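Read through the structure below, which is laid out as structure tokens, and then see the notes.
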Amino acid sequence: MSALPVPLADSEIAHRLEALPGWVRDGDEITRTFTHTYHECVHLAVYVAAKAREVGHHPDMLITWQRIEFRITTHDVGRKLTEMDFALAREIDRIAEAAGATPVDGTHRDREL
């Protein structure tokens, strides 16, 4: 059995976010939204889900009309941010760029759609 990831301190989180433009902290999650056609957002979710299965860490994903939002936290350590979250965010950025998705930098959806 592998060891649980270590939650990051606020200063470490801030430092890692500097290296991930467009990702924002929302409590103990990091979040980023992209736009694309509805069907391409669905395809993007499938590609991200495949990568998430491969690395053993998944984001929460919300698909709405021409938007997909990713929210990442580590559930195994009480919904805290760990290095796993930032590694997954980098993978999501790579996949989204390859899919031609447009980032909605520095914003995330209003909870009341």
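Per this note's numbering, residue 208 is the first one in the sequence shown, and the count goes up by one each step. Backbone N, C-alpha and C define an ideal beta-carbon position, used for all residues, glycine too. All values derive from a computational prediction rather than experimental measurement.
Cβ-Cβ separation between E236 and I279: approximately 6 Å, consistent with a contact (criterion under 8 Å).
Assigned with DSSP and collapsed to three states, V231 falls in strand.
When only Cα atoms are considered, L224 and D233 end up about 12 Å apart.
For Q273, the closest C-alpha among the options F241, A221, A210 is that of F241. W230 is positioned such that its CB atom lies no closer than 7 Å to that of A306.
Counting only residues of its own chain and dropping the five nearest sequence neighbours on each side, A308 has a CB closer than 8 Å to the CB of F241, T242, H243, E247, C248, L251, I275.
As the crow flies, the alpha-carbon of L269 is around 15 Å from that of A303.
At a Cβ-Cβ threshold of 7 Å, T271 and P214 do not count as neighbours. DSSP, reduced to helix, strand and coil, places L211 outside both helices and strands of the structure shown, so it counts as coil.
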